[in-house]
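Report on the following structure.
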């Protein structure tokens, strides 16, 4: 077992790490539960423009980027990243666009009249929280999420070890761990 001094040090580290990650844990808990209930956030503001064009969409990514940047510059549309489009490029059916933590820009061709709809969305706070939860809110949140996962694992591991080595808790701790494994396997098998 640990000496009294080492045990106090372990408790202090455990407490400080828990306090540090509590805000992120709350964010993950609320966004995860509400996302499962289909609350995903949306746009805090939304602008739509229709452009007549002879171009046939979808374009190659580089051509779409040139088209979008020219349109944005000509119409003084606010881009949160300054002069460049959001970092993540996507296509879906004939739509194509760019998104990041702050906003989404979509080019959506209209079949009936040789035109394209440009949709500019600025993400609301809840959508940004969901992006943090999903690990797609940027490098800082990505690293924090990994560190949170590691700290959560070690917290659960240390609690389990303490429970399993204490004679008064060993039997019930073993049964709880067994029940956890059984439920996990059953849930997987029934899915």
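Residue numbers (this note's numbering): -2 to 188. Heads up, the beta-carbon is just placed ideally off N, CA and C, and yes, glycines get one too.
Identity of the residue in the options nearest residue i by Cα
i           : options            : result
residue 246 : 137, 79, 73, 102   : The first residue shown for the chain is -2 and the last is 188, placing residue 246 beyond what the model contains.
residue 45  : 7, 112, 67, 116    : 116
residue 151 : 1, 7, 2            : 7
residue 156 : 165, 147, 170, 164 : 170
residue 27  : 184, 165, 126      : 126
residue 98  : 75, 67, 134        : 134
residue 77  : 182, 66, 174, 119  : 119
Sheet register partners of residue i (DSSP bridge)
i           : result
residue 47  : 114
residue 120 : 40
Residues of its chain near residue i, where Cβ-Cβ distance is below 8 Å and the 5 sequence neighbours each way are ignored
i           : result
residue 9   : none
residue 49  : 110, 111, 112
residue 124 : 37, 38, 39, 40
residue 91  : 54, 55, 105, 106
Same chain, Cβ closer than 7 Å to residue i, five either side skipped, listed in chain order
i          : result
residue 21 : 141, 145
residue 88 : 55
Rounded Cβ spacing between residue i and residue j (contact assumed at less than 8 Å)
i           : j           : result
residue 129 : residue 24  : 6 Å
residue 14  : residue 148 : 5 Å
For this session: Taking only runs that begin and end inside the region 68 to 118, name each unbroken beta strand (DSSP E) of 3 or more residues, in chain order.
Result: Fully enclosed beta strand (DSSP E) runs of no fewer than 3 residues occupy 85 to 89, 92 to 96, 100 to 107 of the region 68 to 118, in order along the chain.
For this session: Pick out the complete beta strand (DSSP E) segments inside the region 5 to 53, 3 residues or longer, and give them in chain order.
Result: 40 to 49, all fully within the region 5 to 53.
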